[in-house]
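See below for the structure under consideration.
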Amino acid sequence: MSLLITDGLFKRFGGVIALDNVSIRVEPSSITLLVGPNGSGKSTLINVISGFYKPDSGRVFFNNCEVTGWPPHKLYSAGIARTFQLPAPFAKMTVLENLLVAAKWSTGESPLTALLHRRRWLEEEAEHVERAFRILELLSLRHMWDRRASELSGGQLKLLELGRVLMSSPKLILLDEPLAGINPRLAEAIVKHISSLRDELGVAFLIVEHRLDVIADYADYAYAMFRGRVIEEGTPKQVLKSPQVLKAYLGG
Amino acid sequence: MAELFSFLLGLAAFYSIYQMLALSLNLEYGYGGLPNFGKVMFFAGGAFVTGALLTRLVALSPGAPPDMVWDVSKFKIYNTLLATRGSGYLATNPLLALTLFALMLILGAGVGALLGILASYPAVRLREDYLGVTLIVSGELLRIVARNYEPLVCGTLGVSVPNLFAWAGTYSELIKVGSMVAVSTATVLLINIMVNSPYGRALRAMRDQEAAAASLGKDVVLLKIKTLAVGSAIAGAAGSMYAMYLGAVVADEFTPLKTFIVWLMVVMGGAGNNAGACLGALTYIGIDRALTLFKHLIPLPFDVNYLYYTVMGVALILLLMYRPEGILPERPGRLYATTEISSDSRGGQAAPH
Amino acid sequence: MNVVLDALAFSNIIVLSSIGLTLTYITLKVPNFAHGDLVTIGAYTALAAARLLGITPYAAIPLAFIASGMAALASYYLVYRPLDRRGAGIVTLMIASMSTEVILRASLHIFADVMTTSTKSYWRGFLFREEGGQLTSYIVVSTITAILIIISLYLFLHRTKYGVALRAAVENPSLASAIGIDVDKARAVSWLIAGGLAGVAGVFMPFRTPTDPETGWALLLRMFAASVLGGLDAVFGAVIGGYVIGLSEVLGIYLLSGPPLNLSTAYRPAIPFAILVILLLIAPRGLSGVEWRRLLSRMSRGVVRSG
Ligand SMILES: Nc1ncnc2c1ncn2[C@@H]1O[C@H](COP(=O)(O)OP(=O)(O)O)[C@@H](O)[C@H]1O
Ligand SMILES: [Mg+2]
Numbered sequence: 004m005s006l007l008i009t010d011g012l013f014k015r016f017g018g019v020i021a022l023d024n025v026s027i028r029v030e031p032s033s034i035t036l037l038v039g040p041n042g043s044g045k046s047t048l049i050n051v052i053s054g055f056y057k058p059d060s061g062r063v064f065f066n067n068c069e070v071t072g073w074p075p076h077k078l079y080s081a082g083i084a085r086t087f088q089l090p091a092p093f094a095k096m097t098v099l100e101n102l103l104v105a106a107k108w109s110t111g112e113s114p115l116t117a118l119l120h121r122r123r124w125l126e127e128e129a130e131h132v133e134r135a136f137r138i139l140e141l142l143s144l145r146h147m148w149d150r151r152a153s154e155l156s157g158g159q160l161k162l163l164e165l166g167r168v169l170m171s172s173p174k175l176i177l178l179d180e181p182l183a184g185i186n187p188r189l190a191e192a193i194v195k196h197i198s199s200l201r202d203e204l205g206v207a208f209l210i211v212e213h214r215l216d217v218i219a220d221y222a223d224y225a226y227a228m229f230r231g232r233v234i235e236e237g238t239p240k241q242v243l244k245s246p247q248v249l250k251a252y253l254g255g
Numbered sequence: 307m308a309e310l311f312s313f314l315l316g317l318a319a320f321y322s323i324y325q326m327l328a329l330s331l332n333l334e335y336g337y338g339g340l341p342n343f344g345k346v347m348f349f350a351g352g353a354f355v356t357g358a359l360l361t362r363l364v365a366l367s368p369g370a371p372p373d374m375v376w377d378v379s380k381f382k383i384y385n386t387l388l389a390t391r392g393s394g395y396l397a398t399n400p401l402l403a404l405t406l407f408a409l410m411l412i413l414g415a416g417v418g419a420l421l422g423i424l425a426s427y428p429a430v431r432l433r434e435d436y437l438g439v440t441l442i443v444s445g446e447l448l449r450i451v452a453r454n455y456e457p458l459v460c461g462t463l464g465v466s467v468p469n470l471f472a473w474a475g476t477y478s479e480l481i482k483v484g485s486m487v488a489v490s491t492a493t494v495l496l497i498n499i500m501v502n503s504p505y506g507r508a509l510r511a512m513r514d515q516e517a518a519a520a521s522l523g524k525d526v527v528l529l530k531i532k533t534l535a536v537g538s539a540i541a542g543a544a545g546s547m548y549a550m551y552l553g554a555v556v557a558d559e560f561t562p563l564k565t566f567i568v569w570l571m572v573v574m575g576g577a578g579n580n581a582g583a584c585l586g587a588l589t590y591i592g593i594d595r596a597l598t599l600f601k602h603l604i605p606l607p608f609d610v611n612y613l614y615y616t617v618m619g620v621a622l623i624l625l626l627m628y629r630p631e632g633i634l635p636e637r638p639g640r641l642y643a644t645t646e647i648s649s650d651s652r653g654g655q656a657a658p659h
Numbered sequence: 105m106n107v108v109l110d111a112l113a114f115s116n117i118i119v120l121s122s123i124g125l126t127l128t129y130i131t132l133k134v135p136n137f138a139h140g141d142l143v144t145i146g147a148y149t150a151l152a153a154a155r156l157l158g159i160t161p162y163a164a165i166p167l168a169f170i171a172s173g174m175a176a177l178a179s180y181y182l183v184y185r186p187l188d189r190r191g192a193g194i195v196t197l198m199i200a201s202m203s204t205e206v207i208l209r210a211s212l213h214i215f216a217d218v219m220t221t222s223t224k225s226y227w228r229g230f231l232f233r234e235e236g237g238q239l240t241s242y243i244v245v246s247t248i249t250a251i252l253i254i255i256s257l258y259l260f261l262h263r264t265k266y267g268v269a270l271r272a273a274v275e276n277p278s279l280a281s282a283i284g285i286d287v288d289k290a291r292a293v294s295w296l297i298a299g300g301l302a303g304v305a306g307v308f309m310p311f312r313t314p315t316d317p318e319t320g321w322a323l324l325l326r327m328f329a330a331s332v333l334g335g336l337d338a339v340f341g342a343v344i345g346g347y348v349i350g351l352s353e354v355l356g357i358y359l360l361s362g363p364p365l366n367l368s369t370a371y372r373p374a375i376p377f378a379i380l381v382i383l384l385l386i387a388p389r390g391l392s393g394v395e396w397r398r399l400l401s402r403m404s405r406g407v408v409r410s411g
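Protein chains in written order, with the working numbering: chain A, 4 to 255; chain B, 307 to 659; chain C, 105 to 411.
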């Protein structure tokens, strides 16, 4: 049973049809790639799945449950987390705080519970901090933990985004160009890390990425989009060799 | 000596009120990024409900002629008399007086919270500039209604409010201001716990990057509603306290200038830092009170307050240019839980508390 | 009939000032809270000219244009431009705008008080009936002035090369600077014109309301109502917005204060304010901003679905 299914999604912006009958599947514990030239609707698809845009028509199923039109925060608690194509850090907060924000099930997140259940959320807080440090360690960001996010480099911001979504142990992570602007060695390390998350924790990934040289070997399945449509699907090798996809990339 | 004492009392009283207003705006804007340009509306809400109810409530007990209470045309004339008689009655009944004090604060906070929830409707829908105009206009609408709809606070004449501390005799003023300081200090403590918690962190996240906060599980709409409710409840309680301190409520006092003053305090002191907001309030109120005291000694062909406003306006603009983070800038990174952070981590902030 | 004429005169003032409000909004996307005080500056300039130079307020229109225009220009160069260059956000600009408002209004208070003591005549609550202007003539003069200004502004912005460049510069600064238009200068000119028009509006104000340093500020929210109604990004929308707001306020209260409601006339300002709040909640981008096509298609889809 697929973890994520989109069924005939349509999304229009004025005259532009950004999604045109898009149906994809993401299996549990897999890495699914989404490729396609700029403007083909990849980010729009991520935005629809993560609840930032409502589709004009079509449906989204997650974990056997229809989630079409759910707001982002509700999808996050259901287990879908995402990153942004342009890093979106909480600039005035420290790296550690950026991660702590993403912790799920924080008791003290409402003014009243913050006051009344202080002991309880303080206990949870200790666990969250520990977890956050483990993630920072993993992403080699630990030494930056008390710096403001605005002080990080572009590559570090990408890592921070990844670290944030890991805080909640999501079932599905949507990554929008996670490797853009990251040096090859670090990119390699991130991809390895992603694949170990898949293998060890059973996390599923839907990844928009142009740097296929690094990631294609680790991916289980791929979709190619062009002008709002899925034009090819299959194993990454099949998709990348497809003449249609080549034509699209060459500006067809 | 007596003069200095009463100056200090006045300073403490006004500071208590404005500290609450500044902290409430700091919660909304400094932490949550919600630009509440209608602060005076919530303040007025608390003052109006106190003005409308307190004198009438007190008048019921000592058996005042009911038509004086319920007939607006008579209440308009006799409310000062009723308030004076009410003060006299309460002088013999401190317990009732203190209960009323608490009741009015709660009512003021309730009305504030209600108005805050109403204000969250535009706040989650409109861009900052449109929201600012909406809230300013809403505040002005409330003021216009209050100054014309006489049953509320007797229109342009205003309504008198009984002194709830007459029972303390010569110490009346001292105990009154002492209670206000206590309420205000309690607010500081509560707000400090609130913002130094996952709630405060979620607020700052929403302020820095609303979309990312939403994608990380924060219900930003609900956060805004709750925050405006809490902030406005505090402002409403402050308004209620203001009415009880001055012993009168006049609708036309509640102009957008009051909103501006609170913004001045928060931006000057340092948005996102409660100590900054308090410092801003103290600075503004300190100078303002001193000017009121020494006004008659300054030989100017105009009211010195206008000069004060001008200077403050210029100061604020300069601050926005050269020190936009305020006198005491925001300090992120406070950890709330006691956690072992091993010594190989760089930085000296390990394991606070 | 009298009511209609009064409403027209009132609307002229609103129209003249809200055009400028919209123009400055387009340049920096900040609501200029000091715009009402620019109107007051125009009124005081005319009063000063009448009292000190002995000319009629009408003759002072150019002076009022210059005085308010310079005040607006100064606020652009001293406040908004430096902040904009430092990358200030919209809330910062709004706080600065409120500060400027307070500075100007307080300065006007100081000016009025100083003039009152030094000339031993009242500079608060003044009317122009005694200063050489006639009660009815101002209705005619203000209407003609408003029409002339609207037409010439339209011709300037749409038919002259400089005006078209100016519009391009304020509406789409990045594109304009790419083709070599001096965006900064265009903004400055916009602020000058906007302030100037507010000043002209100010000359007419004391013909109908006793004027003091608070009068223009009290008009500000009506100007916002007019500008928002017309669409904050459409200069000439403010013309329609201004007439709708002005007429509905004066005629509205005339109707509401009569039987059967007999509302107090002091509720007057509540009319434009209520219009503004409702408007902001249902159609914040003004009437021209309503997406009629989408609204229609949504409605028809609703019909299809239910049918
Ligand atoms: N918020 C939006 N408003 C209008 N058009 C949009 C919006 N988001 C995306 N588009 C348009 O939809 C198309 C697909 O964009 P996008 O999903 O960002 O492509 P990709 O991520 O594959 O590069 C583009 O033509 C883009 O201009
Ligand atoms: Mg994209």
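Each residue gets a CB set at the ideal place from its N, CA and C atoms; glycine is no exception.
Residue i Cβ short of 6 Å to ligand 2 heavy atom set
i             : result
residue 32/A  : no
residue 14/A  : no
residue 45/A  : yes
residue 515/B : no
residue 88/A  : yes
Per-residue DSSP class, three states only, for residue i
i             : result
residue 656/B : Unreliable placement is indicated for residue 656/B, whose pLDDT of 38 sits below 50; no coordinate value is reported for it.
residue 1/A   : There is simply no residue 1/A to check, as chain A begins at 4 and stops at 255 in what is shown.
residue 211/C : helix
residue 27/A  : coil
residue 308/B : helix
residue 288/C : helix
residue 315/C : strand
Any C-beta of chain B under 7 Å from that of residue i
i             : result
residue 113/A : yes
residue 118/A : yes
residue 174/C : no
residue 364/C : no
residue 217/C : yes
residue 124/A : yes
residue 211/C : yes
residue 97/A  : yes
Given residue i as reference, the closest of the options once Cα atoms are compared
i             : options                    : result
residue 28/A  : 96/A, 175/A, 149/A         : 175/A
residue 89/A  : 169/A, 53/A, 161/A         : 161/A
residue 145/C : 365/C, 228/C, 369/C, 129/C : 228/C
residue 549/B : 486/B, 375/B, 339/B        : 486/B
residue 103/A : 433/B, 442/B, 511/B        : 511/B
Distance cut-off 6 Å: residue i Cβ against heavy atoms of ligand 1
i             : result
residue 122/C : no
residue 183/C : no
residue 225/A : no
residue 405/B : no
residue 353/B : no
Beta carbon proximity, residue i to chain A, threshold 7 Å
i             : result
residue 522/B : yes
residue 325/B : no
residue 374/B : no
residue 510/B : yes
Under 7 Å from the C-beta of residue i: neighbouring residues of chain B
i             : result
residue 100/A : 507, 638, 639
residue 371/C : 450, 454
residue 378/C : 447
Chain-ordered neighbours of residue i on chain C, where CB pairs are closer than 7 Å
i             : result
residue 566/B : 202, 206
Closer than 7 Å to chain C by CB, residue i
i             : result
residue 625/B : no
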